[in-house]
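Asker: Going by numbering that gives the first Met the number 0, the first residue of the sequence shown is number 0, and it counts up by one from there.
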Amino acid sequence: MSKKTILELCMSPDLGGLELYMMRAAKALKEEFHVISIINENSKLEQYYDENHKYIKIKKKSNLFMLSAARELAKIIDTWHVEIIHMHWTKDIPFVVLAKMFSKAKPKIVQTRNMTMTRFKNDFYHRLMYKNIDLMLPVTHQVKEQLEKFIPADIRPKIKVLYMGSDKPQMLDDEEVNSLKKSLNFSNENFNLGMVGRINEAKGQHLLIKALAQIESKNVYAYFVGHEMEKGYIDALQKLAADLGVAKQVHFLGFMKNPHHFYQICDAVVLASKRETFGLVLIEAMQVGTAVIGANSGGVVEIIDDEKTGLLFESQNFESLACGIEKLMKNPLLKEEIAKAGQKKCEEMFSNEKQFLELAKIFKEFV
């Protein structure tokens, strides 16, 4: 039996968990399907592909001027006899639906839903969009409930929860850990916190800085990894740290292509996003045996079992975050126990190998 052809599509120009998940899905599925990745002409994802993984770049300026791009995508669909378009970015919905209408092949559309939904979708535009989507794969049960609540039943696609996962990381030995610590100026005398993600207000870096100011000990350091999304925002965060008297405890390390090594040198990893649909950063940190602290909102509560596989703090409350940090600082046994339990939960529920096997199974049954 010939392999089915799948388009993995994400036109987002950014680089984060959503975009990297698309790339990983494309590589994981290529053994059982013909897979072609469709990315933005300006995508930062290109650096992750090589000659073994086919990708095509498309120029799409905005949703107002997408006709030519949609026709180009429709031509790709028909040329390669595409049977499934697997999309990841919510903003791509009109682009993909339009391409399906232009195409002769009329492929099925599957969306991995990473974003929340907060209002009823019963107007003409949304009815047209959602009746052309065949399957939605929300990354949490919370998102599934939102889809069922806000998409009218008569146009609602099939819905099946599929958690995101993480690749099995390369574990560092003691010598490599010490070398990395030295290169990043980590001190074993300090309690070192990591936060990984886009540098913007929604991710909550300011909350961690404010939490540091609440902690009596000045041996607590915060290291931020990620792209600055708005020029000048890091300067504003550094000024905040200086005003609060914790400037020496705050460090920005820039983007890291593979943060798994960084997680391994942290005492704990913090996720303080205002609205985090899932929380892949937590999964990656837990997987290497690092304790995690997350805001008690969104998909985070499906990952962290409070004081069992991690600690939860009250969302947007830096004082609550400070209490969680101090709890781990003062109780090394608790930190060790939740780190081990978190690692075990990841192996059982959140491995990419298991999740992509399930994704492949879904696609085989769907076409």
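Quick reminder that beta carbons are idealized off the backbone N, C-alpha and C, glycines included.
Is it the case that the Cβ atoms of A98 and I83 are separated by a distance below 9 Å?
Answerer: Working through the sequence shown from its first residue, we reach residue 98 at position 99. Working through the sequence shown from its first residue, we reach residue 83 at position 84. Taking 9 Å as the Cβ cut-off, A98 and I83 do not qualify as a contacting pair.
Asker: Does the beta-carbon of N41 have 16 or more other beta-carbons within 10 angstroms, so that it is buried, or is it exposed?
Answerer: On the sequence shown, residue 41 is found 42 positions in, with the first residue counted as 1. It is exposed - the Cβ of N41 has fewer than 16 other Cβ atoms within 10 Å.
Asker: Here's the rule I'm using: 16 or more other beta-carbon atoms within 10 Å means buried, otherwise exposed. How should E7 be labelled?
Answerer: As a working note, residue 7 is residue 8 in the sequence shown. With 16 or more other Cβ atoms within 10 Å, it is buried.
Asker: Using CA coordinates, which residue listed in Q237, L279, L320 and G288 is at the minimum distance from E301?
Answerer: Taking the sequence shown and counting its residues from 1, one reaches residue 301 at position 302. Checking every option, the nearest Cα to that of E301 belongs to L279.
Asker: Mind checking who T4 pairs with in its DSSP beta bridge?
Answerer: For this step, residue 4 is matched to residue 5 along the sequence shown. Bridge partners of T4: H33.
Asker: Are the beta-carbon atoms belonging to H259 and P168 less than 9 Å from one another?
Answerer: Reading the sequence shown from its first residue, position 260 is the one you call residue 259. Reading the sequence shown from its first residue, position 169 is the one you call residue 168. Taking 9 Å as the Cβ cut-off, H259 and P168 qualify as a contacting pair.
Asker: Could you please give the first and the last residue of the uninterrupted beta strand (DSSP E) stretch that includes I108?
Answerer: Locating residue 108 in the sequence shown gives position 109, where the first residue counts as 1. Run containing I108: K107 to R112, per the beta strand (DSSP E) assignment.
Asker: When the Cα atoms are used, what is the spatial distance from T111 to S216?
Answerer: One-based indexing of the sequence shown puts residue 111 at position 112. One-based indexing of the sequence shown puts residue 216 at position 217. C-alpha separation (whole angstroms): 43 Å.
Asker: How is the alpha helix (DSSP H) around M86 delimited, first residue to last?
Answerer: Within the sequence shown, the letter at position 87 stands for residue 86. Taken as a continuous stretch (DSSP letters only), M86 belongs to no alpha helix (DSSP H), being part of the beta strand (DSSP E) at I83 to M86.
Asker: Check this for me: beta carbons of A212 and L243, under 9 Å apart or not?
Answerer: Translated into the one-based positions of the sequence shown, residue 212 becomes position 213. Translated into the one-based positions of the sequence shown, residue 243 becomes position 244. At a Cβ-Cβ threshold of 9 Å, A212 and L243 count as neighbours.
Asker: Could you check the C-alpha separation between P137 and P93 for me, to the nearest Å?
Answerer: Sequence index remark: in the sequence shown, residue 137 carries index 138 (1-based). Sequence index remark: in the sequence shown, residue 93 carries index 94 (1-based). Distance between the alpha carbons of P137 and P93 is about 19 Å.
Asker: Reducing DSSP to helix, strand and coil, say where E347 ends up.
Answerer: As a first step, residue 347 is located in the sequence shown; it is residue number 348 there, counting from the start. In the structure shown, E347 sits in a helix (DSSP, three-state: H, G or I).
Asker: Given 8 Å as the limit, tell me if L97 has its C-beta closer than that to any heavy atom belonging to the ligand MG.
Answerer: What this structure holds is no ligand at all, so the ligand MG is not there to describe.
Asker: The beta strand (DSSP E) with V224 in it runs from where to where?
Answerer: The residue given as residue 224 occupies position 225 in the sequence shown. DSSP places V224 inside the beta strand (DSSP E), whose first and last residues are V219 to V224.
Asker: In this structure, what does DSSP give as the bridge partners for N39?
Answerer: For the purposes of this step, residue 39 is identified with residue 40 of the sequence shown, where counting begins at 1. Per the DSSP secondary-structure output, N39 pairs in a beta bridge with I57.
Asker: Quick check: the Cα distance between V160 and E188, rounded to an integer number of angstroms?
Answerer: Here residue 160 corresponds to residue number 161 of the sequence shown, with the count starting at 1. Here residue 188 corresponds to residue number 189 of the sequence shown, with the count starting at 1. Going by the C-alpha atoms only, they are around 43 Å apart.
Asker: Between the alpha carbons of K326 and A340, how many angstroms are there, rounded?
Answerer: Indexing the sequence shown from 1 puts residue 326 at position 327. Indexing the sequence shown from 1 puts residue 340 at position 341. Going from the Cα of K326 to the Cα of A340 covers about 17 Å.
Asker: Leaving out the 5 sequence neighbours to the left and right, which residues in its chain are closer than 7 Å to Y262 when beta-carbon positions are compared?
Answerer: As a first step, residue 262 is located in the sequence shown; it is residue number 263 there, counting from the start. G193, V268, E283, A284, V287 and T289.
Asker: Pull the bridge partners of K157 from the DSSP assignment, please.
Answerer: Numbered from its first residue, the sequence shown carries residue 157 at position 158. Answer is L134.
Asker: Around the Cβ of Q145, are there at least 16 other Cβ atoms within 10 angstroms (buried) or fewer (exposed)?
Answerer: The residue you call residue 145 lines up with position 146 of the sequence shown. Looking at its Cβ environment, which holds 16 or more other Cβ atoms inside 10 Å, Q145 is buried.
Asker: In this structure, does DSSP put V300 in helix, strand or coil?
Answerer: Taking the first residue of the sequence shown as 1, we reach residue 300 at position 301. Residue state, collapsed to three classes: helix.
Asker: What would DSSP say about A271, mapped onto helix, strand or coil?
Answerer: The sequence position of residue 271 within the sequence shown is 272, counting from 1. DSSP places A271 in coil when its eight states are reduced to three.
Asker: What three-state label does DSSP hand N177 in the structure shown?
Answerer: For the purposes of this step, residue 177 is identified with residue 178 of the sequence shown, where counting begins at 1. DSSP places N177 in helix when its eight states are reduced to three.
Asker: Could you tell me the distance, in whole angstroms, from the CA atom of G196 to the CA atom of V96?
Answerer: Position 197 of the sequence shown, counting from 1, holds the residue named residue 196. Position 97 of the sequence shown, counting from 1, holds the residue named residue 96. The straight-line gap from Cα to Cα measures roughly 30 Å.
Asker: Could you name each continuous alpha helix (DSSP H) segment of 4 residues or more that falls completely within the segment 297-336, going from the start of the chain to the end?
Answerer: 299-302 and 317-329
Asker: In whole angstroms, give me the CA-to-CA distance for G298 and N121.
Answerer: Position 299 of the sequence shown, counted from the start, is the residue given in the question as residue 298. Position 122 of the sequence shown, counted from the start, is the residue given in the question as residue 121. When rounded, the distance between both Cα atoms is 26 Å.
Asker: According to DSSP, what are the bridge partners of S165?
Answerer: Position 166 of the sequence shown, counted from the start, is the residue given in the question as residue 165. S165 is bridged by DSSP to S350.
Asker: Measure the alpha-carbon distance for E275 versus H52 and round it to whole angstroms.
Answerer: Start at 1 with the first residue of the sequence shown, and residue 275 comes out as number 276. Start at 1 with the first residue of the sequence shown, and residue 52 comes out as number 53. Inter-residue distance for E275 and H52 is about 30 Å (C-alpha atoms, whole angstroms).
Asker: In terms of residue numbering, what span does the alpha helix (DSSP H) encompassing H140 cover?
Answerer: Position 141 of the sequence shown, counted from the first residue, corresponds to residue 140. Residue range H140 to F149 is occupied by the alpha helix (DSSP H) that includes H140.
Asker: In the DSSP assignment, what are the bridge partners of L192?
Answerer: Along the sequence shown, read from residue 1 onward, the residue named residue 192 stands at position 193. Looking at the DSSP assignment, L192 forms a beta bridge with A221 and A267.
Asker: Could you tell me if M163 is buried or exposed, where buried requires 16 or more neighbouring beta carbons within 10 angstroms of its beta carbon?
Answerer: As a first step, residue 163 is located in the sequence shown; it is residue number 164 there, counting from the start. Buried, because 16 or more other Cβ atoms sit within 10 Å of the Cβ of M163.
Asker: If you draw a straight line from the C-alpha of E352 to the C-alpha of D166, how long is it?
Answerer: Taking the first residue of the sequence shown as 1, we reach residue 352 at position 353. Taking the first residue of the sequence shown as 1, we reach residue 166 at position 167. If you take the alpha carbons of E352 and D166, they lie about 7 Å apart.
Asker: Could you tell me the distance, in whole angstroms, from the CA atom of E309 to the CA atom of S350?
Answerer: For the purposes of this step, residue 309 is taken as residue 310 along the sequence shown, with counting starting at 1. For the purposes of this step, residue 350 is taken as residue 351 along the sequence shown, with counting starting at 1. Position check: residue 309 holds Gly in this sequence, whereas Glu was assumed. C-alpha separation (whole angstroms): 18 Å.
Asker: Spell out a yes or no on whether the segment 146-159 and the segment 124-131 are touching, meaning 3 or more CB-CB pairs, one atom from each, closer than 8 Å.
Answerer: yes
Asker: Out of curiosity, what's the CA-to-CA distance linking V219 and M228?
Answerer: Here the question's residue 219 lines up with position 220 in the sequence shown. Here the question's residue 228 lines up with position 229 in the sequence shown. Rounded to the nearest angstrom, the two C-alpha atoms are 26 Å apart.
Asker: On the three-state DSSP scale, how would you describe I214?
Answerer: Taking the first residue of the sequence shown as 1, we reach residue 214 at position 215. It is coil, neither helix nor strand.
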